[in-house]
DNA sequence: TTCCAGCAGC
DNA sequence: GCTGCTGGAA
């Protein structure tokens with residue numbers, strides 16, 4: 001920590017400067033969120049964990065309906081641990097990063113069997129559970145159990161980068177930001193402190209057009225002093241994504257059944273249901289003949305973490321009797337697609353065809 | 001149409 | 001250090 005601070009040391013703010021201004025602001029301005037305990041009430045660790053896993057990948061407004069649906073279907077972590085993976089993936093569909101739904105399930109099972117349904121309250125124990133990494137372990141320990149830990153999410157990175165006008169670009173500045181967050185974490189109310197920084201980041205210290213005039217930290221924000229808070233945090237130049245072109249096979253039998261396949265559990269869109277797209281995973285071979293199929297006009301575009309995808313849809317009709325299904329394939333009524341766990345790519349293809 | 005945020009697993 | 005998805009903003 002001393003080395004990280006070395007060239008910043010004389011510029012460090014008092015350890016408690018930030019929280020002294022931040023906590024009163026939080027008490028007056030905190031967001032009401034379905035997983036957040038009302039002031040003076042005990043947080044529900046199951047709710048905190050579930051929301052943090054969902055929030056790992058998307059924003060609060062997107063998460064809220066998924067979260068409410070999950071706790072309606074599975075009110076406790078034991079209920080979730082007794083669900084089926086297919087039901088969980090179905091409820092998760094559209095959220096993306098489907099490996100996280102599998103880890104959610106594994107984690108619920110471990111909590112139920114190894115911890116008798118009680119969430120561990122130690123950061124180091126939480127860190128051993130599936131799907132819980134450094135950020136989530138610290139967040140649960142602080143928010144659900146009031147432990148003195150310092151979770152650093154994207155909001156907190158942005159706020160601290162601005163307050164200190166950090167010149168090192170992300171992600172290289174992460175250790176420094178972690179150390180700064182640690183430096184300012186109060187002994188009491190560490191969870192409120194973390195949530196206050198997150199709320200500040202989402203409501204005031206926004207990526208674009210921050211509302212500095214309303215910020216409780218404006219008096220000692222160095223980026224504001226320099227006049228360019230929006231330029232922080234600095235980022236390494238990102239590399240360009242390649243574009244891949246693939247064919248999807250929309251194959252119907254004579255009676256409105258569609259050929260679907262369940263994708264392998266690991267890898268892209270794992271465990272979700274799609275029409276066949278040969279070569280979407282590496283090493284996949286193409287078992288389909290393009291003869292007898294007609295390409296639809298236009299392409300379906302979708303972007304994954306590391307590449308753009310443009311899909312041509314080939315439509316064909318097959319007699320069920322002389323079509324031999326692969327192990328992971330099945331015929332499914334077109335009218336009942338909604339009972340399957342479909343990724344957004346598949347929904348775009350459905351829209352394109354129908 | 002393109003860009004971007006968001007964190008864990010391997 | 002590479003892989004994994006989506007919605008919303010620009």
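Numbering (our numbering), first residue to last: 1 to 354.
Every residue, glycine too, gets a C-beta built ideally from N, C-alpha and C.
The structure presented is a predicted model; accordingly, all values stated were derived computationally and were not measured.
C-alpha gap between residue i and residue j, whole angstroms
i, j, result
"residue 314", "residue 323", "17 Å"
"residue 145", "residue 121", "6 Å"
"residue 258", "residue 354", "13 Å"
"residue 232", "residue 154", "12 Å"
"residue 85", "residue 33", "27 Å"
"residue 67", "residue 44", "13 Å"
"residue 256", "residue 135", "47 Å"
"residue 162", "residue 193", "17 Å"
"residue 296", "residue 312", "7 Å"
"residue 219", "residue 200", "15 Å"
"residue 132", "residue 317", "46 Å"
"residue 352", "residue 55", "30 Å"
"residue 101", "residue 62", "16 Å"
"residue 252", "residue 319", "8 Å"
"residue 336", "residue 106", "29 Å"
"residue 126", "residue 19", "26 Å"
"residue 13", "residue 184", "9 Å"
"residue 330", "residue 276", "11 Å"
"residue 202", "residue 158", "10 Å"
"residue 254", "residue 260", "15 Å"
"residue 182", "residue 339", "46 Å"
"residue 223", "residue 190", "25 Å"
"residue 349", "residue 217", "47 Å"
"residue 57", "residue 293", "38 Å"
"residue 77", "residue 117", "7 Å"
"residue 326", "residue 267", "19 Å"
"residue 16", "residue 265", "47 Å"
"residue 166", "residue 207", "15 Å"
Enclosing alpha helix (DSSP H) for residue i [first to last residue]
i, result
"residue 112", "99-114"
"residue 132", "Here residue 132 belongs to no alpha helix (DSSP H), and DSSP marks it neither H nor E."
"residue 162", "154-163"
"residue 62", "60-73"
"residue 55", "45-55"
"residue 182", "174-184"
"residue 125", "123-126"
"residue 91", "85-92"
"residue 226", "222-226"
"residue 78", "77-81"
Three-way DSSP call (helix, strand, coil) for residue i in this model
i, result
"residue 330", "strand"
"residue 346", "helix"
"residue 200", "helix"
"residue 214", "helix"
"residue 316", "strand"
"residue 17", "helix"
"residue 188", "coil"
"residue 310", "strand"
"residue 302", "strand"
"residue 352", "helix"
"residue 22", "helix"
"residue 151", "coil"
"residue 295", "strand"
"residue 1", "The predicted position of residue 1 is uncertain, since its pLDDT is 49 and thus under 50; a value taken from the coordinates is nonetheless stated next. Residue 1 falls in the coil class under three-state DSSP."
Spatial neighbours of residue i in its chain, beta-carbon cut-off 8 Å, leaving aside the 5 residues before and after
i, result
"residue 241", "303, 306, 307, 308"
"residue 93", "272, 341, 342, 343"
"residue 243", "307, 308, 309, 310"
"residue 229", "162, 205, 210, 212, 221, 223"
"residue 87", "73"
"residue 29", "199, 203"
"residue 25", "196, 200, 216"
"residue 169", "233, 234, 235, 236"
"residue 227", "none"
The beta strand (DSSP E) enclosing residue i, as first and last residue numbers
i, result
"residue 339", "Premise fails: residue 339 is in no beta strand (DSSP E) and is neither H nor E."
Neighbourhood of residue i by C-beta, 7 Å cutoff - its chain only, sequence neighbours within 5 removed
i, result
"residue 1", "In this predicted model, residue 1 has a pLDDT of only 49, less than 50, meaning its place in the structure is not dependable enough to derive any value."
"residue 187", "148"
"residue 143", "43, 48, 191, 194, 195"
"residue 69", "91"
"residue 123", "137, 138, 141, 147, 149"
The ligand NAD heavy atom lying under 7 Å from the CB of residue i
i, result
"residue 188", "This structure simply doesn't include the ligand NAD, nor any ligand for that matter."
Other residues of its chain near residue i: CB distance less than 6 Å, five sequence neighbours each side excluded
i, result
"residue 204", "211, 214, 215"
"residue 80", "74, 108"
* Asked: In chain order, which continuous runs of the alpha helix (DSSP H) of length 4 or greater are located wholly inside the region 234-263?
  -> Fully enclosed alpha helix (DSSP H) runs of 4 or longer: not present.
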